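In this note's numbering, the protein residues as written are 763 to 1121.
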Amino acid sequence: MDFIDEIKQFSKRVDGLKDNLTTEEATKTSLIMPFFALLGYDVFNPDEFVPEYTADVGIKKGEKVDYAILNNGEPVILIEAKWVKEELQKHDSQLFRYFGTSKAKFAILTNGITYRFYTDLEETNKMDEKPFLEINMLDIKEAQVAELKKFKKSAFSIDEIFNTASQLKYSNEIKNVFAQDLQNPSDQLIKYFLSSVYSGQRTQNAIEKFRPIVKQSLNQFISEMMNDKIKTALGAEETKQVQNVAANESEAASQIMQVKDTPKIVTTEEELEAYFVIKNILKDIVPINEITYKDNERYMAILHKNKTTRWICRLYFNSSKKFITVPDDNKKDVRIDIDSVYDIEKHKDELIAALNRYL
């Protein structure tokens, strides 16, 4: 699965869980830690992903930031996490203080939905007031996902991210200014246009007179430009369809038959949540990346080293009555009924025993 597809799938998880999270800790566990796990970080390895990282501020000792991502023992990213319903504006100053006391080059402020990425473009070792990248998990934009991909553990490069951060920061600010001018053109923008189209004096009365004209003209131009692009795209697509109808009819029919015969496998948010619970239970037995899953139409199998012969348990969540099965000594299914994914923790011993059979 491509990274953008993984992000879109995770976005659905966020949308499904956000209204049920009543505390900051629930937000961290259900949204924020899985987000960084999606980026490839071992969120249960304190040598890599440190909770409650100490960031002493001046004479205040023992100040802690929620998480720090380490590289070779040094912090490279600081993360301040808030409750999912909390506004982030009032918390950037807190992260600002932490940033100046550590060697981290990047800082992230998040409530599990919005992720704001900061660095020190304006002044070295002093966090910028404005983020260079902001991502809303409920409104995914492909261009932003391309930038987020640079923060994956496998691709992370301080120099590469920092080199593009400046362009991103000012590009975003320019777009924000332009968006504001579309709604309410500034005096400076009106004067700019008047210098080319109006021979009279650019007094404040003239500016006020032309403000609605400039606003209408800009928005109308953008609307016409978008319509032209849509018409061009639709025209090209229509021509292509006419040219290919005969050739595609038989292929389409064949594909329809294949779709009918293909089982539909849907990995649900609940299954993924259970998967993370099980990884957490087994993290002290084997490295966390050795616990994987394979989904199919009837159940999700939790595996050791991605081998179906080394199954630790199977999740049956497709019916109203949820249950899991664990293998006995002969690899026969032993059924365990559960009411929620968190009941799995009550059966820690059975899961560890199943895993130990392969070690």
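Yeah, the Cβ is synthetic: ideal placement off N, Cα and C, and Gly gets one too.
Because the structure is a prediction, the values reported are computed rather than measured.
Considering just the uninterrupted stretch of the alpha helix (DSSP H) at residue i, what are its terminal residues?
{"i": "P796", "result": "M795 to L800"}
{"i": "R775", "result": "F765 to L779"}
{"i": "D1111", "result": "K1110 to N1118"}
{"i": "L910", "result": "E904 to L910"}
{"i": "T789", "result": "E786 to T789"}
Does residue i pass the burial test, meaning 16 or more other C-beta atoms within 10 Å, or should it be called exposed?
{"i": "K1108", "result": "exposed"}
{"i": "S792", "result": "buried"}
{"i": "R1072", "result": "buried"}
{"i": "N1092", "result": "exposed"}
{"i": "R1060", "result": "exposed"}
{"i": "D777", "result": "exposed"}
{"i": "I870", "result": "buried"}
{"i": "P974", "result": "exposed"}
{"i": "R1097", "result": "exposed"}
Give me the Cα-Cα distance between residue i and residue j, rounded to the nearest whole angstrom.
{"i": "Y1120", "j": "Y932", "result": "53 Å"}
{"i": "D1105", "j": "K1084", "result": "11 Å"}
{"i": "D804", "j": "D1057", "result": "22 Å"}
{"i": "L900", "j": "F858", "result": "26 Å"}
{"i": "T876", "j": "D1095", "result": "42 Å"}
{"i": "K865", "j": "P837", "result": "6 Å"}
{"i": "E904", "j": "L779", "result": "23 Å"}
{"i": "D764", "j": "D882", "result": "31 Å"}
{"i": "F894", "j": "S928", "result": "7 Å"}
{"i": "R964", "j": "Q978", "result": "19 Å"}
{"i": "E842", "j": "T872", "result": "6 Å"}
{"i": "K888", "j": "T816", "result": "18 Å"}
{"i": "I1074", "j": "H1066", "result": "7 Å"}
{"i": "A1015", "j": "E1033", "result": "The predicted position of A1015 is uncertain, since its pLDDT is 48 and thus under 50; a value taken from the coordinates is nonetheless stated next. If I take the Cα positions, the gap works out to 34 Å."}
{"i": "I926", "j": "T886", "result": "Reading off the sequence, residue 926 comes out as Thr, not Ile. Cα-Cα distance, rounded: 16 Å."}
{"i": "K1041", "j": "A799", "result": "11 Å"}
{"i": "F772", "j": "D809", "result": "26 Å"}
{"i": "V1021", "j": "D1111", "result": "Unreliable positioning characterises V1021 in this predicted model, as indicated by a pLDDT of 46, which lies under 50. A coordinate reading is not provided."}
{"i": "M987", "j": "S1081", "result": "50 Å"}
{"i": "S919", "j": "Y1037", "result": "29 Å"}
Considering residue i, what are the terminal residues of the beta strand (DSSP E) in which it resides?
{"i": "V1039", "result": "No beta strand (DSSP E) contains V1039, which is instead part of the alpha helix (DSSP H) from E1031 to L1044."}
{"i": "V812", "result": "F811 to T816"}
{"i": "D1057", "result": "I1053 to D1057"}
{"i": "E836", "result": "E836 to A843"}
{"i": "I1170", "result": "The structure shown does not extend to residue 1170, since the chain spans only 763 to 1121, so no value can be given for it."}
{"i": "R1072", "result": "K1069 to Y1078"}
{"i": "T1087", "result": "F1085 to P1089"}
Tell me whether residue i sits in a helix, a strand or coil according to DSSP, three-state version.
{"i": "R859", "result": "helix"}
{"i": "N946", "result": "coil"}
{"i": "N898", "result": "strand"}
{"i": "E885", "result": "strand"}
{"i": "A1063", "result": "strand"}
{"i": "T926", "result": "helix"}
{"i": "N938", "result": "helix"}
{"i": "D1101", "result": "coil"}
{"i": "D828", "result": "strand"}
{"i": "K971", "result": "helix"}
{"i": "V805", "result": "coil"}
{"i": "F879", "result": "strand"}
(request) Please determine if the region 945-952 and the region 960-974 are in contact, where contact requires at least 3 C-beta pairs separated by less than 8 Å. (result) yes
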